[in-house]
Structure formats: structure tokens, C-alpha cells
Amino acid sequence: MSSRPKSKRGEDESASNAPKKQGRSSPVVKPKRRGKERDKKGTSSKGMIKILDEAIENGATEEAKARAASTSKKQNAPIPPKKGWKTFEEHVEEAAVNAETSKEERRKKRREARERAKADRDSRNNQHREEAKRRMEEARKKKEDEASEKTKWMEDYKKKKEKELREEEERKRKAEEEERKRRERLLREEEERKRREEEEKKRREQQQREQEERERREQKQREEEERKRIEQELREKEEERNRKKEEEKKRKEQQRREEEERKQKEQERREEEERQRKEQQLREEEEERKRKEEEEEKRRKEEEERKQKELQEKEELRKKQEQEEQQKRKQEEADKREVQERKKQQQEEQKKRFDQRKQEDPSFVERIPKRSALLAIGGKALEDYEKKRSAKALALWKNEGGASNNSWTIPTGQTFDGLFACEDPDAIEQTEVLVDAESLGGAIEAFKADPETYLAMLYPNNSNQSNKIPVTYVLRAGTPVFRPLDVRNDGTGAFCLWQHVYQRLVPFGENKLPLDARDAHTDSMTYMGQKLHSETGDLQRLPLLPGRGMGLADAPSTKLVGLTSPVEEDCIAEPNDIVQGSIGDCWLLSAIACLADFDWAVQRLFRKTQTAQHLGELPTDGSDDTPSGNSYTVTLWDLTTWEEVDVVVDERLPIRLSNPNELLGARPSRDGKLWVPYLEKAIAIHCGGYDKLEGGNCTHAWPMLTGSRNQYIIQRNPKSNNSDGNDTVTYSCSARYDSYKEEWSPHANSPHDYKDGSAIWSVPWPRVGSTSEDSDGCRDITADELFDKIVAWDETNYLVGAGTSGQSDDEKTDGIVDNHAYSVIDSRQNIGGTGIDLLLVRNPWGKGGGLEHGEFMADGPGWKKYPKVRYELNPIPEDMGLFWLTKDEFFKYFPSIYLCKFNMTRLREKDYTNDLQDEFKRTKKKAQTTKKKQPTNEPLAPLEPWIVDKESDPNSSYKIVEQSYDGGVYFDELNKRVVKGKCIVDGVKEFRSNPEKYLAIHYQNSIADGGWPVEVHQYTLIFREGTEGLDVDEVENNSGKRTLLTNVLR
7 MSSRPKSKRG EDESASNAPK KQGRSSPVVK PKRRGKERDK KGTSSKGMIK ILDEAIENGA
67 TEEAKARAAS TSKKQNAPIP PKKGWKTFEE HVEEAAVNAE TSKEERRKKR REARERAKAD
127 RDSRNNQHRE EAKRRMEEAR KKKEDEASEK TKWMEDYKKK KEKELREEEE RKRKAEEEER
187 KRRERLLREE EERKRREEEE KKRREQQQRE QEERERREQK QREEEERKRI EQELREKEEE
247 RNRKKEEEKK RKEQQRREEE ERKQKEQERR EEEERQRKEQ QLREEEEERK RKEEEEEKRR
307 KEEEERKQKE LQEKEELRKK QEQEEQQKRK QEEADKREVQ ERKKQQQEEQ KKRFDQRKQE
367 DPSFVERIPK RSALLAIGGK ALEDYEKKRS AKALALWKNE GGASNNSWTI PTGQTFDGLF
427 ACEDPDAIEQ TEVLVDAESL GGAIEAFKAD PETYLAMLYP NNSNQSNKIP VTYVLRAGTP
487 VFRPLDVRND GTGAFCLWQH VYQRLVPFGE NKLPLDARDA HTDSMTYMGQ KLHSETGDLQ
547 RLPLLPGRGM GLADAPSTKL VGLTSPVEED CIAEPNDIVQ GSIGDCWLLS AIACLADFDW
607 AVQRLFRKTQ TAQHLGELPT DGSDDTPSGN SYTVTLWDLT TWEEVDVVVD ERLPIRLSNP
667 NELLGARPSR DGKLWVPYLE KAIAIHCGGY DKLEGGNCTH AWPMLTGSRN QYIIQRNPKS
727 NNSDGNDTVT YSCSARYDSY KEEWSPHANS PHDYKDGSAI WSVPWPRVGS TSEDSDGCRD
787 ITADELFDKI VAWDETNYLV GAGTSGQSDD EKTDGIVDNH AYSVIDSRQN IGGTGIDLLL
847 VRNPWGKGGG LEHGEFMADG PGWKKYPKVR YELNPIPEDM GLFWLTKDEF FKYFPSIYLC
907 KFNMTRLREK DYTNDLQDEF KRTKKKAQTT KKKQPTNEPL APLEPWIVDK ESDPNSSYKI
967 VEQSYDGGVY FDELNKRVVK GKCIVDGVKE FRSNPEKYLA IHYQNSIADG GWPVEVHQYT
1027 LIFREGTEGL DVDEVENNSG KRTLLTNVLR
């Protein structure tokens, strides 16, 4: 290629890139825009693309399309500098050399360069156009050739396909013809095969018949030959046997002769040996006799020496024991004299205190020993008491009260599987005998003839008549409860059962009490949402009637209370009569057990029972020939009006929903007393149903039974509540009485019916047992001070109970039942001068529940360690739910103490009425009258209220929410601390400063608004940890009686 001509413009452009000189302007060199120039004057890349598209639309061949695309790609590529052209750098150099050239020359050169470049572009564009037309013509021709070739190929392909179709049809037709022939051939072959198989089958059957016939002939021949062979063998065996018998006979004869000869020789030899042995034995016996004589002589001498020595030692030991025994007797006599002198001194001191109390209070009476205490302390008092107890006479289940022997019945045809219900498997007294089948009837007759000795008789059902039959007699003596299970009359049981059943009263028809003998409450009573009694429908629940053959109290000893005697002092109700049922009302039964220590209190509850007989003669059938039901009137106190109400109950007792053979509530005592179940039923009606008896404490029951509302709840304070900061355990006293307002909180008959406003307040301690003239105030006291008060309360015939902590009475802590109420029977100080303080506690269950490994339990080490205590108390080991505890043991396991501040002797008064005298008001009145101040007519200045800062800390992430309510805080879990005797202002300040520690605080509004003194301030701090679901019933307009402040996140 020739070098590109240098245009004037190119010179200018080269010159424009030269370095600028100072003081002169440099020309600007602009880059060439070749694409635009080709768009204007030649065929650009866009033009070539358009030409290519037209060629494709006109049917150009693939080859033509490829050539056109290649041409377009080459035209769009940047044009490299051709040979002879100057580079940019050369232009810069040339521009630097020609910088001094004139403008006119530069313009001329640029015009020439532009003309030359234009001519070159036109030439190139013409060449490109010619080349494109040529290529398009070639593509068109190629496309036409390809179209003609394609048409020809399509015609050839169509002819080929038609030929193939004709061949395929011919091939299919031949194949079908061959398949038809093949199937016909197969059918003929199959028919031929079946015909041959039929012929073969007939042939085989013919051969089988021939073979069977041949085998029968051969078998018959073989049998005949076998018979002949056997006969021949039998003959040969018989001959051989006869021959052997003959030979054996000869051989035995020969052996017998040889044996006789051998025995004769052997006998002679043994006789000779025996003679020699005896001679040798005589010599040895003579030598042994001499040796034994020598040893016996030696042993006799040694024995005489040993006996002499033992006699000396025994004599020394006897003298020593006599000295020790004499010292022991002297010490015991001295201890007894000391105990007697101390008792005498205590009696004198007690008499002095009684005289002093009598002078101060003419209505005061001397302490009356409780019946439970008489059971725990032996002596003449216990002997006299045992003579009056009906349980001792009735334990043998004898026929008392003139009962007729016709009342005994024996159900026949009963069987069971050997299972029975009892209170204690070890308490079943039974005896077993073995009799034969002939003597079984006599054993049954002996059982029938003595119902007072035998309770039941059982023996295995369907016993083998050839063997001895084990018969078991269950004795009445020593068997408190024996109830066979699953008894049936269809004879399918494993054991036959005979029982003596006593019907104390005449049964009613269908075991249903007549309508005229029913009370107004029993038919509608429910428990856990289910009706207790139902006499119709598929689900019948018939209540039990004691003593009427329904399995409850069917014994001659059945009675309402005490002996069947008109003597009032013999109508004994005692704590051992209480047997709890399946209802969780141990709080009620514990309170009744405390009341039963003063049996006249129980008689007073039943004093309005309408009957001509004495209470001890109930229940009865009445005077008519037809049986009549019994009804009992129980007199209780209505705690909403504080007036006596009479509750009439009939003799029906409800059954358990899950077991129709057991009572729902309390059961009759072991000796047949019924007063506890009927008293419990009357209280359930009075409270609104058996559901209302679930849960409570003794202070809920004592007001209903005595009419006194002076009930105290004494609680052990947490150690962190002590104001002095030490670890001394203290106790606080509270009651349903607001000492500041001098008003009582509302009372209710059932623990479930107490409203939110029925709060418990801190109150002064009772005057009895206080160290000061009036009372110890509201201060917290120690366990030692509380024990002194319990002793004083016991001497004043008050009722004292104690409660344990825990969740359920199914669990125990060291033997003490958790979440359970106990009765405090007796309290003793400095017993025998040993410094030992003891309390006598009773479990209302009447058995067990004592402290394991206690120092003064029945087998505790304290009785041996402190004989003076044993001499003074004289304990008996019988387990009746009574046990002694030391003062430390008592306060360790009983955090709650309950007090009924009511002298029980007042219930002996026939005209007793509740005068509603309040310990709290009397104390305050007396304290006001003892003030020696001059009367003044000036009005009392109002108390300034306490200003409580309830505002939230602005720098804290918590804010304080205030709620007003009347009482009743609801929660799922609660961790709290009750603070007493500390200013409420300081308490709220501590709450505000520790929002992460304390969740809430609540207090009574009148404490702050009324300006109460700090000594009676009380508030509750609720910890954030361990508290869930806290809520209250908020009152609008802040009109509630209490305030709850809560720390919540902003």
C-alpha cells in the first residue's frame, strides 16, 4: 500500500500536540471521527448491517450470509495506521518543527490533506459497494441452487417413503398370514397332544389297576408266608424257652447248693473274727476305763477349783450389785421424794396462783386435766378413767345393752377370693385348724353357736374330700376391722365365707330412709361437682345407714356417744373417737379433738336432740313396731350474726364417689361411736357443703363450736424480719381484729367464704401469760417467752393447736406430718427440777405422726437419761397419736400456733350465751383507765399523715405503677417478706432504690393517711425472684383500702 498523503489538517493536528511555549498560543489537535464521515459519504458499519439484513430477507444462502457478516465485522474494526502514515508522536514532532510556519501555509496544508483524505475515502467506499453487490449476487444464486436441490430432494424422499410404506404393508400382510398358519398348526398340535395325554392317562390307569391287583395278590401271599413263619418262630421260641427253663432250674439248684456251702464257711469265719474282736474290745475297754478314771479324777479336781473361784467371784459381784442396787434405790427414793416434794410444792404454788387469780377474777376456775393427758400419764387417774371408757368393754364386741341374740344373722352361700380390707394386717386375730370332710359340718355348727367369739370363718372352696381341709377362724377380740372384698353368691370364689353380721337396728326396705325421717339438706348435697345421693337412674349412690346391716357400725356397741347409761359423766366423748375420712378437713377434726378433751362441750352441741332417751341410748328404732329413722340436732354458732343455729341431720352418711363401701367423711370410732360423722355432716351443711371443708385452720372451727371470736394465730417470723438483725427466731401474734380502728374483720362460717376485706392484723398478746400487768403489746417474742405463755394458757383451760408447714399431708418431715394440724394437750416446765421443758402433742388421726428419733418418744433415750422426768410423767408406750416433744423440737417443726382464748369451763353453764366480750377492747379500756392524768377538755390534736414518696426515679429504667384495692392478692408463686415495726416511708424508699430486687410492695392506706405510730406499721415487700402471676382486684378512683406499688420497665 502507498503511504497515506499528509494533509494540511494532519499537519495542524500534529502541530497541536507539540509542547506549548510561553507567550504563544498552541493549536488544538482534534481526533478524527471516521465513523461519522463514513456514515455521510460512504458505507458505514450500520449500512453494511442493513445490506446484510436485506440479503437474508431476499433468501441468500448461508455462505453468502457468512461472507456478508465477515465483511461487516472487518468494516467495523478500527483501521490500523497504514505504511508511510505518521503516528501521533510524529505529528507532535512535526508540529514542534513547524511551529514557526505561518498560518496561511498551515491552512493550505490542511485543505490539501482534507482533499486527499476525502478522495481516499470515496475510493474505498466504491470498492466496498462493488464487493458487497458481487457477494450478494453470489448468495442469491447459491440460494436458488439450494432451493432447487431441496425441491428435488423432497420429491425423491416422498417417492422413497411411499415405496417403504408399500413394502411395510406387504411385509405385515405376509407376517399376519404366517402367524395365522402358525396358530392353526399350534391348535392342531395342542389337540393332538391332548388326545395322546388322554390315551396315556387311560393306559396308566389300566396299568395302575393291574399293578394294584398284582400287589394285592403278592401282599396276600406275603401275609400268608409271614403267618406261617411267625407260627414256626413261636413254636421254636416255646421250645427254646422250655429248654432254657430246664437249664435255669438246674443252674439255680447248683448255685443254691454252692451258696449254702459258702454261707456256712462265711458264718464260721465271721464267728471266729467276732470272737477275736470282742476279746480285743474288752482289752481296749479296760484300758479306756482306766484312762477315763484318771482323767475324771483330774477334771473333778479342776472343776472343784473353778467352782470355788466362781463362788468367790459371784459373792464379790453380789455384794457389789447389792451396793449398787442399794445406792440406786436410795437415789430413786430420793428422786421420788424430790419429785413428790416438787409436785407438792407445785400444787401449793398452783393453789396460791389459783387463789390469787380467783381474787382478781371471781369467774376464774382451776385447770381441768384433759382426757388425752390422762391417757399419756399413768397412775390412778388413768385407772379410774379406763373403768369408765366404753372402748375397753366394747373391744371384745360383746352383746351389750340387752341386745337380743336374734339380731345376729349369717349370710349363706358366700364366696370370695381371699382379699379383705382392714386397718392393719397385723391386727387380724385368727386361728387355723385342719379338719376332714366329715368334721367340717361340726366346725360350721361350732362357729354358728358362738357369734361373740368368732367374727368370720373361711376355708378353700371345692377342697379335696380325701385331704385335710384348713379352716381359718377370725376372732372378734383384737380384730378392729375385717371386711371381705368382692363377696359373691355364685360359688365361683376361691374361699367359702361364713360371717356373723349384727344388725343393731331394723333395716329399712331397699336400704332407703323413709321420706318423713329425712332432713332438708342431705338429698341435695354435692361434692366436687357431683351429687352425693341418688336413688334412681343407672348410677345409684345410696348413703349408708349405721347399724342397719349395710356394713357400717353393724355391732352391738353402736351408739351416738359414750356408754348406754343415763349417768351424764359416763357419756364420754374422747379424742380417740375421731377417724378422718377422705375429705381434707384435718383442721376441723383437730379442733374437734381439742374440744373432745372437755366432753361436756360435745354434749352441749347435741343438747337439743329431740329424744326421750339419754344421748348414750341413741340410735334407736323407736317405740313403734315399724322402724323409724333417727335425727340429731347439732347447735352451732353462725359467725355472720354470732347467734346459735340448730342444724338437724338424719342418720344417712354419704359414701365416696369412687368406692360405695366407704364413707366420704369421718368414720365411726372403733368402739362404734357416731357423734363425729354426724357433727362433721352438720358443720358441712352449716358451711355450705363438704367442698367448703377443704383447707383451713383451727381458728376457723373453734368459733363455730364455742361462740368465742377471740382466736389468735401465732406465726414464726423469718429471720430476716428481725429488727435487731440477729438470727433469733421470734413469733408474732395476729387476729381478725383491727386494733387501730377497734373493729373486727368480717367473719364467715367456711374458710372459703372469707372476703378480701377479712384481713388479719397484728394485735396485742393475751393478758394471760404476759409479763406486764396488761399485755406484752404487739412486740415479737422469743420461743422461750411463747412457751411460758402456752403453759399459762393450758392452766387457764384454753384450747391450743399447732400447725406444720409443707405442701401435702402425704409427706412427712422426720415423722411429723406436713401441712397438718396437731393438738397441744399439755405443757410442763422444769420437770423434776431437771430443767427439761416438754409439750404433749396429739395427732388427730389417733395413730402415728410422731417425731422419729425424738428424745422423749416412746422409746427415746431421754426417759433413761432423766429418770426424774420418767417418775413425774410416768409415760405409757401405747401409740394413740400422743407423744412428748422437747421445747426445741416443738418450735422446730411447728411454725404456727393457734389459740382459742376461751375458758372451756364456761360451756358447763346451762345458761351460757356468747356475750361477745373482746380481749382486745377490754385490754385497751383497762390501759386507758390506769393512766393517772388529769382530765382535760381540750380536743385531741389530729395525727399528721406520713408522706410517702411514690414518684419514679427519672434516671432509672423502671417506673412505679400504683394500684388501689380492697385486699386479696392473687399469684401463682410468691416470695415475700413481711416487715413490722418499721416506718412505711423507709419501706417505700427501700423499694424505690432496689427495683431489680423488689417487684412490688403493698400496705394499708390508713397506716400512712392516719399517721399511725411506727410501732404498728406493717408492710409486705415482694421479691422479683420467685414471684409469678401477681395480680389484684383494682378499685377505681383510688378508693381501695390498700395500695400496691409495682416496679415495671418503662
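Per the working numbering, the very first residue in the sequence shown carries number 7; after that it's consecutive.
Built from N, CA and C at the ideal position, the CB exists for glycine as well.
These figures come from a predicted structure and were not determined experimentally.
Discussion item. Whole angstroms are fine: how far does the CA of residue 831 sit from the CA of residue 837?
Written reply: Position 831 of the sequence shown, counted from the start, is the residue given in the question as residue 837. Position 825 of the sequence shown, counted from the start, is the residue given in the question as residue 831. Roughly 16 Å separates the two Cα atoms.
Item to complete: Give the secondary structure of residue 1008 by DSSP, where H, G and I count as helix, E and B as strand, and everything else as coil.
Response: For this step, residue 1008 is matched to residue 1002 along the sequence shown. Collapsing the DSSP output to three states places residue 1008 in a strand.
Item to complete: Following the continuous beta strand (DSSP E) through residue 848, name the residue where it begins and the one where it ends.
Response: As a position in the sequence shown, residue 848 is number 842, starting the count at 1. Element bounds for residue 848: 844-848.
Worksheet item: For residue 1018, which three-state DSSP category applies?
Response: One-based indexing of the sequence shown puts residue 1018 at position 1012. Coil at residue 1018, not helix or strand.
Worksheet entry | Given residue 702 as reference, the closest of 895, 439, 826 and 1006 once Cα atoms are compared | Reading the sequence shown from its first residue, position 696 is the one you call residue 702. Of the candidates 895, 439, 826 and 1006, the one whose C-alpha sits nearest the C-alpha of residue 702 is 826.
Worksheet item: Measuring CA to CA, which of 785, 845, 790 and 98 is closest to residue 808?
Response: Along the sequence shown, read from residue 1 onward, the residue named residue 808 stands at position 802. The shortest C-alpha separation from residue 808 is found at 845.
Worksheet item: Name the DSSP bridge partner or partners of residue 829?
Response: Reading the sequence shown from its first residue, position 823 is the one you call residue 829. DSSP output for residue 829 lists 807 and 848 as bridge partner(s).
Fill in: Cβ neighbours of residue 592 in the same chain (closer than 7 Å, five flanking residues each side left out)
For the purposes of this step, residue 592 is taken as the residue at position 586 of the sequence shown. The residues are 586, 815, 826, 827 and 850.
Worksheet item: Taking the continuous beta strand (DSSP E) assigned at residue 877, which residues delimit it?
Response: Taking the sequence shown and counting its residues from 1, the one referred to as residue 877 is at position 871. Unbroken run through residue 877 is the alpha helix (DSSP H), 873-879; no beta strand (DSSP E).
Fill in: Inter-stretch contact at 8 Å, needing at least 3 Cβ pairs: the stretch 513-521 / the stretch 491-501
no
Discussion item. So, with DSSP's three-state summary, where would you put residue 399?
Written reply: Within the sequence shown, numbered from 1, the residue matching residue 399 stands at position 393. Residue placement at residue 399 cannot be trusted, given a pLDDT of 39 that sits under 50; what the coordinates show is reported in the next sentence. In this structure, residue 399 counts as helix in the three-state DSSP scheme.
Worksheet item: Alpha carbon to alpha carbon, what distance is there between residue 535 and residue 503?
Response: Within the sequence shown, residue 503 is the residue found at index 497, counting from 1. Within the sequence shown, residue 535 is the residue found at index 529, counting from 1. One C-alpha to the other measures close to 38 Å.
Discussion item. By alpha-carbon positions, which one of 1010, 977, 980 and 955 ends up nearest to residue 997?
Written reply: Counted from its first residue, the sequence shown places residue 997 at position 991. When each option's Cα is compared against that of residue 997, the closest is 955.
Worksheet item: Taking all protein chains shown into account, do 16 or more other C-beta atoms lie within 10 angstroms of the C-beta of residue 967, making it buried, or fewer, making it exposed?
Response: As a working mapping, residue 967 is identified with position 961 in the sequence shown. Under this definition residue 967 is an exposed residue.
Practice prompt. Out of 856, 804 and 853, state which residue places its alpha-carbon closest to the alpha-carbon of residue 833.
Written response: For the purposes of this step, residue 833 is identified with residue 827 of the sequence shown, where counting begins at 1. Here the closest residue by C-alpha is 804.
Worksheet item: To the nearest angstrom, how far is it from the Cα of residue 425 to the Cα of residue 913?
Response: Numbered from its first residue, the sequence shown carries residue 425 at position 419. Numbered from its first residue, the sequence shown carries residue 913 at position 907. Their Cα atoms are separated by approximately 47 Å.
Worksheet item: Looking only at C-alpha atoms, which of 594, 822, 419 and 972 sits nearest to residue 1008?
Response: Sequence index remark: in the sequence shown, residue 1008 carries index 1002 (1-based). That would be 972, whose Cα lies nearest to the Cα of residue 1008.
Discussion item. Check for me: the beta strand (DSSP E) holding residue 503 runs from which residue to which?
Written reply: If you number the sequence shown from 1, residue 503 lands on position 497. Per DSSP, residue 503 belongs to the beta strand (DSSP E) from 501-505.
Worksheet item: Quick one, are the C-beta atoms of residue 741 and residue 769 less than 7 Å apart?
Response: Working through the sequence shown from its first residue, we reach residue 741 at position 735. Working through the sequence shown from its first residue, we reach residue 769 at position 763. Against a cut-off of 7 Å, the Cβ pair of residue 769 and residue 741 comes out as a contact.
Worksheet entry | For residue 1038, three-class secondary structure by DSSP | Translated into positions along the sequence shown, residue 1038 becomes position 1032. It is a strand residue.
Worksheet item: Looking only at C-alpha atoms, which of 969, 980, 1000 and 1023 sits nearest to residue 1041?
Response: As a working mapping, residue 1041 is identified with position 1035 in the sequence shown. Out of 969, 980, 1000 and 1023, 969 has the C-alpha closest to the C-alpha of residue 1041.
Worksheet item: What is the rounded straight-line gap between the Cα of residue 683 and the Cα of residue 672?
Response: For the purposes of this step, residue 683 is taken as the residue at position 677 of the sequence shown. For the purposes of this step, residue 672 is taken as the residue at position 666 of the sequence shown. Distance between the alpha carbons of residue 683 and residue 672 is about 5 Å.
Worksheet item: For residue 596, which of helix, strand or coil comes out of DSSP?
Response: To locate residue 596, count along the sequence shown from 1; it is residue 590. Residue state, collapsed to three classes: helix.
Worksheet item: Taking only runs of the beta strand (DSSP E) that begin and end inside the stretch 958-1002, which ones reach a length of at least 3 residues, in chain order?
Response: 964-976 and 982-986
Fill in: Residue(s) in a DSSP beta bridge with residue 475
In the sequence shown, residue 475 corresponds to position 469, counting from 1. Residue 475 is bridged to 441.
Worksheet item: Three-state secondary structure (DSSP) at residue 1053?
Response: Taking the first residue of the sequence shown as position 1, residue 1053 is located at position 1047. Residue state, collapsed to three classes: strand.
Worksheet entry | Under 7 Å between C-beta atoms of residue 658 and residue 549 | For the purposes of this step, residue 658 is taken as residue 652 along the sequence shown, with counting starting at 1. For the purposes of this step, residue 549 is taken as residue 543 along the sequence shown, with counting starting at 1. Yes. Within cutoff.
Worksheet entry | Buried versus exposed, by CB contacts within 10 Å (16 or more), residue 855 | Counted from its first residue, the sequence shown places residue 855 at position 849. Around the beta carbon of residue 855, 16 or more other beta carbons sit within 10 angstroms, so the residue counts as buried.
Worksheet entry | From 123, 248, 713 and 167, residue whose alpha carbon lies closest to that of residue 650 | Working through the sequence shown from its first residue, we reach residue 650 at position 644. The residue with the shortest Cα to Cα distance from residue 650 is 713.
Discussion item. What does the alpha-carbon distance come out to for the pair residue 605 and residue 1034?
Written reply: One-based indexing of the sequence shown puts residue 605 at position 599. One-based indexing of the sequence shown puts residue 1034 at position 1028. Looking at the two C-alpha atoms, the distance is approximately 47 Å.
Item to complete: Return the first residue and the last residue of the beta strand (DSSP E) that residue 739 is part of.
Response: Within the sequence shown, residue 739 is the residue found at index 733, counting from 1. That run of the beta strand (DSSP E) goes 736-741.
Worksheet item: Is residue 533 helix, strand or coil by DSSP?
Response: Counting from one through the sequence shown, the residue named residue 533 turns up at place 527. It is a strand residue.
Item to complete: Run the CB neighbour count on residue 94, radius 10 Å, all protein chains shown included, and call it buried at 16 or more, exposed below.
Response: Within the sequence shown, residue 94 is the residue found at index 88, counting from 1. Here residue 94 is exposed. Its C-beta has fewer than 16 other C-beta atoms within 10 Å.
Item to complete: For residue 133, count neighbouring C-beta atoms within 10 Å of its own C-beta (all shown protein chains included) and say buried if the count is 16 or more, exposed if not.
Response: On the sequence shown, position 127 is the one that residue 133 refers to. By the neighbour-count rule (16 or more Cβ atoms within 10 Å), residue 133 is not buried but exposed.
Discussion item. For the alpha helix (DSSP H) containing residue 605, name the first residue and the last one.
Written reply: Translated into positions along the sequence shown, residue 605 becomes position 599. Looking at the DSSP string, the run of the alpha helix (DSSP H) that includes residue 605 is 605-611.
Worksheet item: Among the residues of its own chain, which have a CB less than 7 Å from the CB of residue 1049, if the five just before and after it don't count?
Response: Within the sequence shown, residue 1049 is the residue found at index 1043, counting from 1. Excluding positions up to five away in sequence, the list reads 968, 970, 1008, 1009 and 1011.
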